[in-house]
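Read through the structure below, which is laid out as structure tokens, and then see the notes.
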Amino acid sequence: VFQHISTDEVYGSLGEEGYFTEETPYAPHSPYSASKAASDHLVRAWHDTYALPVLITNCSNNYGPYHFPEKLIPLIIINCLGEKPLPVYGQGANVRDWLYVDDHVKALCLVNEKGESGETYNVGGHNERTNLEVVKTVCAILDGLRPRASGRYEDLIVCVKDRPGHELRGAIDSAKLMNRLGWKPEENFDSGIRKTVE
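Last residue of the sequence shown: 1405 in my numbering, with the numbers rising by one and none dropped.
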């Protein structure tokens, strides 16, 4: 089986309510999300044309220990410890659903073991937070673990120009994965982010 791991960004942006399901039409807004959507379509085409056994997963934002340092959470942790500015896009109002990396890995293993060929499964953490809330949470944890000599880490936050094509809100409905395969996330955001910072 060819297991293709994709992103919720292929679905575009949500309003204040609702969730992405496996039936949500694709509406990518950036070259990155368009390339991911194209790869999903290519995988499905191999399945439909050549009967290649495939499984596709679309996940929300991952986080956890050893995350690549350019991403939001590790960047904020590293910048805090280095007493550097904490850049937040726009006003930090963009909302993401955060998925702890171990929960994602368990979902991928379960899909590989029990998923039905040709099917897509959405994997979400059910942990929606604005970017600003995420940054302030990291700052508060570090205030307790390694207090600054002068002030709080939150004082280092600076708003920067929003990136082009930045989706307002993304949130996954994992009901298919939960109901059909029995998966559920074990970490909530508070427990997962503390493990990540530590």
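In this text, a Cβ means the ideal position worked out from N, Cα and C, and glycines have one as well.
Under the three-state reduction of DSSP output, Pro1238 falls in the helix class. In the three-state scheme derived from DSSP, where H, G and I count as helix and E and B as strand, Leu1375 is classed as coil.
With a cut-off of 8 Å on Cβ pairs, the stretch 1340-1353 is in contact with the stretch 1285-1298, counting three or more such pairs. For Asp1310, the uninterrupted alpha helix (DSSP H) segment begins and ends at 1308-1321. Taking every protein chain shown into account, the CB of Tyr1360 has 16 or more other CB atoms within 10 angstroms, so this residue is buried. Taking the C-beta atoms as reference points, Gly1299 is found nearer than 7 Å to Thr1337. Around the Cβ of His1333, a 10 Å sphere holds 16 or more other Cβ atoms; the residue is buried.
In this structure, the alpha-carbon of His1248 lies about 14 Å from that of Thr1231. Between the beta-carbon of Val1261 and that of Val1217 there is about 16 Å, and that puts the pair past the 8 Å contact cut. Taking 3 residues as the shortest admissible run, the stretch 1254-1314 contains the following complete beta strand (DSSP E) segments, listed from N- to C-terminal end: 1261-1266, 1268-1270, 1293-1296, 1302-1307. Less than 7 Å divides the Cβ of Pro1235 from the Cβ of Ala1244.
According to DSSP, Glu1335 shares a beta bridge with Asp1304. In this chain, the alpha helix (DSSP H) harbouring Asn1386 covers 1382-1388. Between Ala1378 and Asp1304, the CB-CB gap stays under 7 Å.
With a cutoff of 7 Å on beta-carbon distance, Val1330 and Ala1314 are scored as near each other. For Val1365, the uninterrupted beta strand (DSSP E) run begins and ends at 1364-1367, by DSSP. Per DSSP, the continuous alpha helix (DSSP H) segment holding Phe1396 begins and ends at 1396-1404.
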